[in-house]
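Just so we're on the same page, the working numbering is the position in the sequence shown counted from 1, plus 161.
Take a look at the structure set out below.
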Amino acid sequence: MASRVEWQWRDRPSGPAYRQRVVVHDDAETADAGAQAAFLRLVNHCLACPTCRTVDEDGWANASCVTAEEPYQAWRRLWHALTLTGTPSSVGEERAS
């Protein structure tokens with residue numbers, strides 16, 4: 162897992178922007194592949210599981226089974242980790258100039 166510390170520009174609700182030191186993880190591709198794999202595990206399970214496939218009269222899912230909870234939580238953790246990673250350093254460089 163490669164990571165580095167860099168300066169990035171941050172916006173404020175009011176007032177001038179400022180620079181902040183942040184840790185950027187360079188393994189977003191690995192995390193993205195893991196999130197995709199977890200999502201595919203969840204989809205494949207739900208398509209084959211009779212409990213997960215039951216719907217109400219409006220077409221909404223009635224329930225999900227206990228087996229679907231693990232791949233759902235794994236996908237959720239990986240997806241949220243991707244959304245919390247830092248932005249590319251080029252964004253900070255564009256603002257600085």
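Every residue, glycine too, gets a C-beta built ideally from N, C-alpha and C.
Residue i versus the options, residue with shortest Cα-Cα distance
i, options, result
"ASN223", "ARG214, GLU230 and CYS210", "ARG214"
"ASN205", "ASP219, ALA229, ASP217 and GLY195", "ALA229"
"SER225", "TRP168, TRP240, ARG171 and LEU208", "LEU208"
"GLN181", "TRP221, PRO174, GLN169 and GLU231", "GLN169"
"ALA199", "ALA242, ARG165 and PRO232", "PRO232"
"ALA235", "GLU167, LEU201 and CYS210", "LEU201"
"ARG165", "PRO211, ASP217, ALA242 and VAL183", "VAL183"
Local conformation of residue i per DSSP, three classes
i, result
"LEU208", "helix"
"ALA224", "coil"
Identified DSSP bridge partners for residue i
i, result
"GLU167", "VAL183"
Rounded Cβ spacing between residue i and residue j (contact assumed at less than 8 Å)
i, j, result
"TRP240", "ALA178", "The pair is not a contact, with the Cβ atoms about 28 Å apart (cut-off 8 Å)."
Chain C contact for residue i (CB, 9 Å cutoff)
i, result
"ALA209", "Structure shown: chain C not included; a single protein chain is present."
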